[in-house]
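Enquirer:
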Amino acid sequence: MTSSYQHHATLVNYMYQSKHTVILTGAGMSTESGIPDFRSRSGWWKDIDPLTVATEEALHKNYDLFHEFYSARLKGLGDIKPHKGHFIIAKWEQDGLVQSVATQNVDGLHHEAGSQNVDQLHGSIHSFRCHDCGMKGVKQQFLEKESCSNCGGHFRPNVVLFGEALPDDAWDSALFHIQKADLVIVIGTSLQVYPVSQLPRMTSGKTAFINKEIGSEQSFFDVTIEGSAGEALSVIEQLLNS
Ligand code: NAD
Ligand code: ZN
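Residue numbering for the sequence shown follows my numbering, beginning at 13 and increasing consecutively.
#1: Under 8 Å by Cβ, that's how I've got Val118 and Gln132 pegged, so tell me the actual separation to the nearest angstrom.
#2: Take the Cβ of Leu63 as the centre, count every other Cβ of all protein chains shown within 10 Å, and call the residue buried at 16 or more, exposed below.
#3: Which residues in the same chain have their Cβ closer than 8 Å to the Cβ of Arg141, if we skip the five residues on either side of it in sequence?
#4: So does Ile204 have its beta carbon nearer than 7 Å to some heavy atom of the ligand NAD?
#5: So His98 and Leu251 are supposed to be a Cβ contact under 8 Å. How far apart are they, rounded?
#6: Around the C-beta of Ile182, are 16 or more other C-beta atoms found within 10 angstroms, so that it is buried, or is it exposed?
#7: Measuring from each Cβ to the nearest heavy atom of the ligand ZN, keep the ones under 6 Å and list them in chain order.
#8: From what residue to what residue does the alpha helix (DSSP H) around Asp144 run?
#9: Just how far apart, CA to CA, sit Lys103 and Asn74?
#10: Given a cut-off of 8 Å on the beta-carbon distance, is the pair Glu105 and Ala241 in contact?
#11: Alpha carbon to alpha carbon, what distance is there between Gln153 and Cys163?
#12: Below 8 Å between beta carbons: does that hold for Lys218 and Tyr17?
#13: Name the one or two DSSP bridge partners that Lys8 has.
#14: For a test of your reading of the model: does the CB of Asp119 fall under 7 Å from any non-hydrogen atom of the ligand FMN? Yes or no.
#15: I'd like the span of the alpha helix (DSSP H) that includes Asn5, first residue to last.
#16: Pick from Val24, Asp76, Asp91, Ala39: whose alpha carbon is nearest that of Glu158?
#17: Examine the Cβ distances between the region 22-37 and the region 192-206 and report whether three or more of them are shorter than 8 Å.
#18: What are the residues that DSSP puts in a beta bridge with Phe167?
#19: Tell me the rounded alpha-carbon separation between Gly38 and Gly108.
#20: For the ligand NAD, any of its heavy atoms closer than 7 Å to the Cβ of His138?
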């Protein structure tokens, strides 16, 4: 083994020792499937910062822009598939090496790869409701800008917008697992979005961070691996099997 894999090997040891391992993912988990994250580059959508459109304010004040943004994101997901990293995480759950996944991603790729125990902390882009009365809707109603038959309101995806609270059930479940965890592996997130940013500090277990960029603020973690999620998870999977 080359020395460049020492951090991977440390994480493998933590995994062997842990009875309860939680994986926490962000947008960087999905970039290798072809979905851009929010912070690595700017102006990827019509030169508009997505952080200003994925907001409660945009939904209220500029529904047309909000609608265009989420329609574009939905259409962009058309032929997106999970990558090898998603499948490795799903396999680890089957093998009893991972007990749950908490994700900030709304794309559903962990489920699609076969992960069962997934807490979608920021909701899902694949289900819809009327923003005003909460009535359930379907994708077509959103895409065609139909008005709600119950109250005349606007349909929206069930994602958590900036300014909105997280779904209680997903948050409570993620917190339960993180408090129980012997090991939390954080993958592909800038950890800038509250309150998910606090989760890695809410465990008494070991913490690991896998990300393309690692800054000094990540010295908090017991082990860090700088690199792409798919590559790092593949190396760890190989070490687990060697
Ligand atoms: P972010 O864009 O703030 O940060 C992504 C992090 O991942 C960055 O630090 C980047 O360096 C890293 N990264 C990029 N590609 C990587 C790779 N291949 N392997 C490892 N690391 C990689 O994303 P965030 O922290 O998740 O927060 C952004 C918010 O936007 C969240 O609320 C999230 O719900 C939402 N979002 C979701 C999706 C999605 O569902 N796929 C996509 C974009 C944004
Ligand atoms: Zn309604």
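The beta carbon of each residue, even a glycine, is placed where N, CA and C say it ideally should be.
Note that this is a predicted model, so its numbers are computed, not measured.
Expert: So, from the listed chains and residues:
#1: Counted from its first residue, the sequence shown places residue 118 at position 106. Counted from its first residue, the sequence shown places residue 132 at position 120. Yes, they are in contact, since the Cβ atoms of Val118 and Gln132 sit about 7 Å apart, within 8 Å.
#2: In the sequence shown, residue 63 corresponds to position 51, counting from 1. Burial call: exposed.
#3: Residue 141 sits at position 129 when you count from the first residue of the sequence shown. Here the set comprises Met147, Lys148, Gly149, Phe167, Arg168, Asn170.
#4: Sequence index remark: in the sequence shown, residue 204 carries index 192 (1-based). The sequence shown places Gln at residue 204, not Ile. Yes; taking the cut-off as 7 Å, the Cβ of Gln204 has a heavy atom of the ligand NAD nearer than that.
#5: What you label residue 98 is simply residue 86 of the sequence shown in a count that begins at 1. What you label residue 251 is simply residue 239 of the sequence shown in a count that begins at 1. No, His98 and Leu251 are not in contact; Cβ-Cβ is about 19 Å, not under 8 Å.
#6: The sequence position of residue 182 within the sequence shown is 170, counting from 1. It is worth fixing the name first, because residue 182 is Ala in this sequence and not Ile. Flag for Ala182 reads buried.
#7: Cys142, Asp144, Cys145, Met147, Cys160, Asn162, Cys163, Gly165
#8: As a first step, residue 144 is located in the sequence shown; it is residue number 132 there, counting from the start. Careful: Asp144 lies outside any alpha helix (DSSP H) and carries neither H nor E.
#9: Locating residue 103 in the sequence shown gives position 91, where the first residue counts as 1. Locating residue 74 in the sequence shown gives position 62, where the first residue counts as 1. Lys103 and Asn74: Cα-Cα distance of roughly 42 Å.
#10: Residue numbering aside, residue 105 sits at position 93 when the sequence shown is read from its first letter. Residue numbering aside, residue 241 sits at position 229 when the sequence shown is read from its first letter. Not a contact, by the Cβ cut-off of 8 Å.
#11: Your numbering for residue 163 matches position 151 in the sequence shown. Your numbering for residue 153 matches position 141 in the sequence shown. Rounded to the nearest angstrom, the two C-alpha atoms are 14 Å apart.
#12: Residue mapping note: residue 218 aligns to position 206 of the sequence shown, counting from 1. Residue mapping note: residue 17 aligns to position 5 of the sequence shown, counting from 1. Cβ atoms of Lys218 and Tyr17: not closer than 8 Å.
#13: Any property of residue 8 remains undetermined from this structure, which presents the chain solely from 13 to 254.
#14: Absence of the ligand FMN from the depicted structure is noted, with the ligand NAD and the ligand ZN being the only ligands included.
#15: Given a span of 13 to 254 for the chain in the structure shown, any question on residue 5 remains unanswerable.
#16: By 1-based counting over the sequence shown, the position of residue 158 is 146. Out of Val24, Asp76, Asp91, Ala39, Asp76 has the C-alpha closest to the C-alpha of Glu158.
#17: yes
#18: One-based indexing of the sequence shown puts residue 167 at position 155. In the DSSP output, where bridge partners are listed per residue, Phe167 has Cys142.
#19: In the sequence shown, residue 38 corresponds to position 26, counting from 1. In the sequence shown, residue 108 corresponds to position 96, counting from 1. Straight through space, the alpha carbons of Gly108 and Gly38 are spaced by roughly 22 Å.
#20: Walking along the sequence shown from the start, residue 138 turns up at place 126. Answer for His138: no, Cβ out of range of the ligand NAD.
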